[in-house]
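**Student:** Numbering (our numbering), first residue to last: 764 to 871.
We treat Cβ as the ideally placed atom computed from N, Cα and C, and that holds for glycine.
Quick one: the structure is below, and I'll ask about it shortly.
What follows is the structure, encoded as structure tokens:
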């Protein structure tokens, strides 16, 4: 591989890494926010008397039913975070591969 090709690969790989890291940060923040909203909604439902179950299992079932949209939002946010983490890991592998190729090029 010539130096021009390696240089282009390096620029692309590090741009992907930076972009995926930024996306992962945003996805993580979204998951944290969705979880906080769910916890707030749970508290408000419990304190507001919407949930009146006699035991923890019944209360949890009532919360799941009453806060279905909040649970769905959290699930989506967590899935987005996992996908972002996967993309970041893939970009990291690409950078590591490039570093190995650069080392090999230095030896020859």
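#1: Spell out a yes or no on whether the stretch 784-797 and the stretch 832-844 are touching, meaning 3 or more CB-CB pairs, one atom from each, closer than 8 Å.
#2: Counting only runs that start and end within the stretch 795-853, where is the alpha helix (DSSP H) found for 4 or more residues in a row?
#3: By Cβ distance below 6 Å, which residues in the same chain neighbour residue 858 in space, the five residues on each side in sequence not counted?
#4: Examine the Cβ distances between the stretch 841-855 and the stretch 810-820 and report whether three or more of them are shorter than 8 Å.
#5: Given a cut-off of 9 Å on the beta-carbon distance, is the pair residue 801 and residue 865 in contact?
#6: Go through its chain and collect everything with a Cβ distance to residue 789's Cβ below 8 Å, but skip five positions before and after it.
#7: Do the CB positions of residue 804 and residue 833 come within less than 9 Å of each other?
#8: By DSSP, does residue 764 sit in helix, in strand, or in coil?
**Tutor:** From the atom records:
#1: Segments in contact, yes.
#2: List check, alpha helix (DSSP H) in window: 819-829.
#3: 776 and 780.
#4: Result no; under three Cβ-Cβ pairs closer than 8 Å.
#5: no
#6: Closer than 8 Å at the Cβ level, and outside the excluded window around residue 789, lie 847.
#7: yes
#8: Coil at residue 764, not helix or strand.
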